[in-house]
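K.L.:
In terms of the working numbering, the sequence shown has 1 at position 14, counting the first letter as 1, and numbering is strictly consecutive.
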Amino acid sequence: MLLPSENSEFEINGIGENDTITILNEQGKQVDIKIVKLHPENIKIQVDGLGKGVYFLMINDIKLDKIILN
């Protein structure tokens, strides 16, 4: 579902046009994201300023993946 790559970019598959994407830190604070590329059901998002820690990916208010940055 979530593939980390360089420059704090993540590729997410299976996303529809009306889906909402949120990344939260461990304290539940929302992290700003930027959509870099949009393809049918496949987008790439860019997240700036992520420090070390645990983050959660949510799509349509459903927590999906845990991201651990060391």
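The beta carbon of each residue, even a glycine, is placed where N, CA and C say it ideally should be. All values reported here derive from a predicted model rather than from experimental measurement.
In this structure, what does DSSP give as the bridge partners for THR9?
P.N.:
Here residue 9 refers to the residue found at position 22 when the sequence shown is read from its first residue. According to DSSP, which records beta bridges pairwise, THR9 is partnered with MET45.
K.L.:
For GLU13 and GLY38, I'd like the C-alpha separation in whole angstroms.
P.N.:
By 1-based counting over the sequence shown, the position of residue 13 is 26. By 1-based counting over the sequence shown, the position of residue 38 is 51. Going from the Cα of GLU13 to the Cα of GLY38 covers about 12 Å.
K.L.:
Name the DSSP bridge partner or partners of GLN14?
P.N.:
Sequence index remark: in the sequence shown, residue 14 carries index 27 (1-based). Answer by DSSP bridge pairing: none, since GLN14 is not bridged.
K.L.:
Is the CB-CB distance between ILE20 and ILE2 below 8 Å?
P.N.:
As a first step, residue 20 must be located in the sequence shown, where it is residue number 33. As a first step, residue 2 must be located in the sequence shown, where it is residue number 15. No. Outside cutoff.
K.L.:
Check whether the Cβ atoms of ILE22 and ILE32 sit closer than 8 Å, and answer yes or no.
P.N.:
Position 35 of the sequence shown, counting from 1, holds the residue named residue 22. Position 45 of the sequence shown, counting from 1, holds the residue named residue 32. Result yes, Cβ atoms of ILE22 and ILE32 sit closer than 8 Å.
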